[in-house]
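Numbering (the working numbering), first residue to last: 9 to 460. Each residue gets a CB set at the ideal place from its N, CA and C atoms; glycine is no exception. Worksheet for the structure shown next.
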Amino acid sequence: MATADSTTKQSSTSNKVSFNAGRVAAFKCPEGKKEAFLWDTKQPGLGLRAFASGKKTYIYQVWVNGRTQRAVIGAEEAFDIEQARAEAKKLDVLASQNISPAKVKRQKAAAELAEEKEIKRGSVTLGAVWAEYVEANKADWGEKHYKDHLKSVQQAGLPWARGKGLLTKQGCLFPLVNVKLGDLTADLIKRWLDKENKTRPGVAAQTYRLLFACLSWCNEQPEYAGLIDVVALKSKAVKKTVTKLKARDDVLQREQLPALFAELRKITNPIISAYVQTLLLTGARRNELTGLQWSDVDFKWQSMAIRDKATSKGSVAGVRVIPLTPYVASLLNQLPRRNQWVFSSPSGKDGKLTDPRKSYDPAIMAAGIEGLTLHGLRRSFATLSEWVEVPTGVVAQIMGHKPSATAEKHYKQRPLDLLRLWHERIETWFLEQAGLSVPVNAETRLAVVKGA
């Protein structure tokens, strides 16, 4: 049977009084002691515990199942005496049924914590979850993919890093960042898509895919599980609203090469001129080249180490080594070595080239080639290489693509010297079509072939 227990360890000071405001306020832990107890004679089991720090709490102590059980009622300043007695009486009733008051307090605390978590879950916004999602996954993403996530939720009117006096445009997903996760509905997403489709349908389609990747991640997190139904959010009406993205077909024709090279070589900024020509002649991704460092370029052994998005695993960047062909070597050899970046920029945030389009776009317009994007140069490398009848796997290895098993039967990782044989043939063909002579070595400058 349970009985109220006002005994304490001998090391503690103990006495019994009828609690009143004066006695409770005056009670303190004696000097030299860690704690002291004052027990109420009116409500058995109710005690006041004073610590050497000056803190005081109401407690309830009882003998249950052959052992002393103690539960904290709460801080002294949070309860008046009658409230403390009432709480002690509730615990006394439970103790009479051999129910541990400490266990009851733990259960109550757990229930309150669960309720607090549920309230927090219900109030979390898409913007808050988006930030967590990006932070948790950015190590597995390429630089462009990471920046796409940041750009999609950016606020309008902030200073733009790429130019003085320029301001940011509102991110496509920004209208939804303050929406509670639990308030997301298929109808809300459809209305968001309808609005964004009026001005930027392609961006909206891409952002839609980023959004649902984030929502799927949320469902896998214990703290957010069950808040949203991804299947219900991706209703037929929503999917029908998403603009179907067409594959770009901006690829150079062979007869366009003379005009293109002529205009690219006229670009007054030598960094940008070399950059766009190198894009075309290596088939590299634009961010792979902007991240190229001088330590990645070996002029002696004629090779370049490209940090490869396609072979990256987790936070470890993959690397593919490709030939440093004579013409590309001649371009790079003439560039200033301002810092570690091959394609450097004094005005760039990290000291490297960020956006070459201000010089590139006028050049392709002057060449009469409308709509050729920077990624179109990469596509053109793959397509025009077919004129040299180069094996598909060679082009794939240079570009950082996994070759098709159907096209090659068996995938082979070719050595650098064999890649160089084919890559130099490709470069020579490009230069001949453009009317340029092939440099003997990296030091040689080029000249226009007479009569070309």
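- For Tyr335 against Val446, the beta-carbon gap comes to about 7 Å, under 8 Å, which counts as contact.
- Fully contained in the region 185 to 213 is no beta strand (DSSP E) run of length 3 or more.
- Between the region 256 to 274 and the region 352 to 365 there are fewer than three C-beta pairs closer than 8 Å, too few to call the two in contact.
- Annotation note: the region 272 to 358 contains the following uninterrupted beta strand (DSSP E) runs of length 3 or greater, listed N- to C-terminal: 311 to 321 and 324 to 331.
- Boundaries of the alpha helix (DSSP H) around Phe389: Leu382 to Leu392.
- Counting other Cβ atoms within 10 Å of its Cβ, Ala240 stays below 16 and is therefore classed as exposed.
- Distance check between Phe307 and each of Gln342, Gln51 and Gly299 places Gln342 closest, using alpha-carbon atoms only.
- If you draw a 10 Å sphere on the C-beta of Lys64, you find 16 or more other C-beta atoms in it, and that means buried.
- As a beta-bridge residue in DSSP terms, Ile67 pairs with Gly55 and Val80.
- Annotation: Phe87 is outside any beta strand (DSSP E) and is labelled neither H nor E by DSSP.
- For Asp369, the uninterrupted alpha helix (DSSP H) run begins and ends at Arg365 to Ala374, by DSSP.
- Secondary structure note for Ala136: its alpha helix (DSSP H) is the uninterrupted segment Leu134 to Asn145.
- With 16 or more other Cβ atoms inside 10 Å of its own Cβ, His157 counts as buried.
- Taking 8 Å as the cut-off, the Cβ atoms of Leu201 and Val246 count as close.
- Here the region 271 to 286 makes no contact with the region 395 to 412; the two share fewer than three CB pairs at distances below 8 Å.
- DSSP, reduced to helix, strand and coil, places Asn227 within a helical segment of the structure shown.
- Beta-bridge annotation (DSSP): Arg75 is paired with Val72.
- Lys360 sits in a strand when the DSSP states are folded into three classes.
- Look at Pro167 here: in three-state DSSP terms it is strand.
- Among the bridge pairs identified by DSSP, Leu175 is matched with Pro167.
- A direct Cα-to-Cα measurement between Ser355 and Lys188 gives close to 40 Å.
- If you draw a straight line from the Cα of Phe351 to the Cα of Asp304, it comes to about 12 Å.
- For Lys152, the three-state secondary structure derived from DSSP is helix.
- By the neighbour-count criterion, in which 16 or more other beta carbons inside 10 Å mark a residue as buried, Gln115 falls on the exposed side.
- In the three-state reduction of the DSSP assignment, Ser131 falls in the helix class, which pools H, G and I.
- Taken through DSSP and simplified to helix, strand or coil, Ser26 comes out as coil.
- The beta carbons of Tyr141 and Cys37 sit about 49 Å from each other, so the pair does not count as a contact at 8 Å.
- In this structure Glu204 is buried. Its beta-carbon is surrounded by 16 or more other beta-carbon atoms within 10 angstroms.
- In this chain, the alpha helix (DSSP H) harbouring Ala240 covers Val238 to Leu241.
- Restricting attention to Ala86, Ala136 and Gly53, the CA atom closest to the CA of Val101 is found in Gly53.
- Contact check for Gln51 against Ala103 fails: the beta carbons are separated by 8 Å or more.
- Per DSSP, Val396 lies in no alpha helix (DSSP H) segment and is marked neither H nor E.
- Collapsing the DSSP output to three states places Ala94 in a helix.
- The beta-carbon separation of Ile67 and Ala79, rounded to 7 Å, stays under the 8 Å limit for a contact.
- For Ile377, the three-state secondary structure derived from DSSP is coil.
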